[in-house]
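Notes follow once the structure below has been shown.
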Amino acid sequence: MEYFEELLKRPSIFKNESKLDINFVPNKLPHRDKELSLLSQLFLGLITNPNSISRKILITGKTGIGKTVTVKLFGELLEHASEKRNINIKYIHINCRKERTSYKVLMNIIQLLNKQFPKRGYSLQDLLDILIDLLNHQNLHVLIVLDELSYLINKREDLIYLLTRINDDSIKGDQRISIIGIVRDLSCLNNLDNSTMSTLQRNIIQFNKYSKDQIFDILKYRTEISLKENVLSDKIIEMISDITFDSGDIRYGLNILWRACKIAESKSLKYVSLECIRLANQDLLPFSALDILEYMTSQKLLFLIAIIKALYESDNSKISFTKALRIYYIICENMGLSPRSHSQIWNYLQEFKRESIVKVQIMSKGIKGRRTFIEIPDLSLSNLEKKIIETLNSKGFKI
Ligand SMILES: Nc1ncnc2c1ncn2[C@@H]1O[C@H](COP(=O)(O)OP(=O)(O)O)[C@@H](O)[C@H]1O
Ligand SMILES: [Mg+2]
């Protein structure tokens with residue numbers, strides 16, 4: 123009856139689980155130095171000449187490459203640097219996918235500045251005037267980040283128009299609003315009027331996709347701050363980096379990591395094994411591999427079992443074609459079957475590749491010529507093996 127006590131007694135592999143969360147903002151961002159430094163240069167004037175300039179920046183780039191987290195960290199740095207100098211700057215992050223109308227966005231901003239502000243009874247222009255009054259009254263400059271801005275632009279509402287123009291109207295007055303817009307691609311700007319577009323297009327920061335090595339560094343850093351030591355080997359992080367690189371979305375890698383850790387804990391392991399990663403990744407991928415198995419010939423299934431056995435025996439995530447072949451011959455011999463030809467087996471491998479069951483990598487090894495390596499990154503080996511044995515049994519083969 124001591125369920126909690128039993129669970130709590132288990133040693134955890136996490137040092138700080140929340141730091142693996144996709145919404146956590148780390149205080150370091152490997153490989154976003156350049157972007158952070160550029161943002162600092164662009165906004166330096168807010169600190170050196172308070173309330174005399176307004177910056178409007180647009181950030182663009184694919185999903186999951188750190189646009190949001192970089193801007194959030196930058197916002198913290200900006201607030202911190204201004205606080206130290208007694209300059210009143212506030213950073214406000216708005217996700218336009220959540221606050222879908224201009225009215226809601228503006229209301230949200232105002233309520234952050236004045237918690238008692240009543241919700242109803244204002245026009246958009248009213249709200250804007252109220253915002254400016256509030257800023258003047260509090261002697262405050264706000265950096266408003268409109269994340270996923272395309273959700274507002276597509277509505278053809280005029281918040282972005284109004285916001286980009288506020289400061290133009292008060293040339294002589296103080297500049298109290300700066301804006302960072304974040305969009306996945308620039309085509310959504312086509313819905314804007316020309317002058318708003320040209321205001322925004324003056325300063326565009328393009329975020330590029332991370333390379334495989336960069337993804338490795340990032341995932342490694344995130345595990346260092348969230349997991350205990352020696353829980354995850356570099357080899358496994360490399361494997362997750364490979365999987366993540368396909369989409370380039372770091373969120374995907376963080377998700378696999380977290381799930382794999384949870385699986386390891388549920389198995390009372392002290393470290394995350396390759397199998398945990400495969401299970402975690404399988405859960406994430408809606409995959410039709412099990413259907414494919416139903417229609418495979420027995421010989422093809424036997425070769426797939428040979429690959430799985432070879433992977434089990436290896437402590438590497440990849441095995442050579444030669445090794446799989448050797449195990450296949452042994453299986454055939456044990457079952458009293460005559461093996462298929464080398465070239466037929468090679469064809470099976472190509473089919474597995476097409477069916478996305480395996481990944482195949484050909485590497486040149488100096489004078490020895492080329493070698494073929496096989497990997498099953500996306501599926502749980504044990505589940506796959508179980509299913510193959512079931513299928514073979516149903517065809518009358520005992521293995
Ligand atoms: N350089 C980095 N270092 C650490 N974590 C990162 C880095 N880049 C991205 N991440 C993490 O990856 C995930 C996706 O980043 P996010 O900023 O949400 O991407 P985007 O806004 O471009 O879609 C987040 O959980 C973020 O914390
Ligand atoms: Mg984002």
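Residue numbers (the numbering used here): 123 to 521.
Beta carbons are placed, not taken as given, at the ideal position from N, Cα and C, and that holds for glycine.
This one's a predicted model, so the numbers in the text were calculated from it and none came from an experiment.
When C-beta atoms of the segment 190-209 are compared with those of the segment 330-349, fewer than three pairs fall below 8 angstroms, so the two segments do not count as touching. Restricting attention to alpha helix (DSSP H) runs no shorter than 4 residues, the segment 157-239 encloses them at 189-206 and 224-235, ordered along the chain. Your pair Ile378 and Ile365 checks out as a contact, with CB atoms roughly 7 angstroms apart and the cut at 8 angstroms.
Distance from the CA of Arg462 to the CA of Asn469, rounded to the nearest whole angstrom, comes to 11 angstroms. Pairing Arg344 with Tyr273 gives a Cβ-Cβ distance that is not under 8 angstroms. DSSP, reduced to helix, strand and coil, places Asp315 outside both helices and strands of the structure shown, so it counts as coil. At the C-beta level, Asp269 and Ile301 stay beyond 8 angstroms of one another. Looking at the backbone, the Cα of Ile453 and that of Asn138 are separated by about 46 angstroms. Ile449 is the residue among Gly458, Ile449 and Lys392 whose C-alpha sits nearest the C-alpha of Ile467.
In the structure shown, Arg492 falls within a strand segment according to DSSP collapsed to helix, strand and coil. By the neighbour-count criterion, in which 16 or more other beta carbons inside 10 Å mark a residue as buried, Asp315 falls on the exposed side. In the three-state scheme derived from DSSP, where H, G and I count as helix and E and B as strand, Leu268 is classed as strand.
Ile175 and Gly167 have their C-alpha atoms roughly 7 angstroms apart. Membership of Ile347 in the alpha helix (DSSP H) is indicated by the continuous run Lys334 to Ser348. Look at which beta carbons fall closer than 7 angstroms to any heavy atom of ligand 2; those residues are Lys189, Thr190, Asp269, Glu270 and Ile304. Judged by DSSP in its simplified three-state form, Met418 adopts coil rather than helix or strand.
Cβ atoms of Leu180 and Ile275 stay farther apart than 8 angstroms, at about 11 angstroms. The three-state reading of DSSP puts Phe329 in coil, since its state is none of H, G, I, E or B. With a minimum length of 4 residues, the unbroken runs of alpha helix (DSSP H) contained wholly in the segment 424-495 fall at 443-457 and 464-476. Taken through DSSP and simplified to helix, strand or coil, Glu497 comes out as strand.
With a cut-off of 7 angstroms, the C-beta of Gly183 is classified as near ligand 1, since at least one heavy atom of the ligand falls inside that distance. A check of alpha carbon separations from Gln297 across Val147, Ser388 and Val264 identifies Val264 as the nearest. For the pair Ile216 and Cys383, the Cα-to-Cα distance works out to about 32 angstroms. Shown here, Ile135 sits in coil according to DSSP, grouped into three states, outside any helix or strand. Rounded to the nearest angstrom, the gap between the Cα atoms of Thr286 and Ile211 is 18 angstroms. Contact check for Leu158 and Leu164: beta-carbon distance about 11 angstroms, past the 8 angstroms limit, so the pair fails to qualify. A straight-line Cα-Cα distance of about 16 angstroms links Glu507 and Ser478. Taking C-beta separations shorter than 6 angstroms and ignoring five residues to either side along the sequence, the partners of Leu161 in its chain run Phe196, following chain order. For Met319, the CB contacts under 7 angstroms within the same chain, skipping 5 residues up- and downstream, are Leu311 in chain order. A Cβ-Cβ separation of about 5 angstroms places Ile135 in contact with Val353 under the 8 angstroms criterion. Between Thr444 and the set Ala386, Thr185, Arg493 and Glu497, the nearest pair of CA atoms involves Arg493. Under the 10 Å beta carbon count, Ser504 is surrounded by fewer than 16 other beta carbons and is classified as exposed.
When DSSP states are grouped into helix, strand and coil, His263 belongs to the strand group. Residues Ile498, Pro499, Asp500, Leu501, Ser502 and Leu503 of the same chain have their beta carbon placed closer than 8 angstroms to that of Arg400, with the five preceding and five following residues left out of the count. By DSSP's assignment, Ser300 forms a beta bridge with Leu265. Bounds of the alpha helix (DSSP H) holding Asp368 are Asp356 to Ser369.
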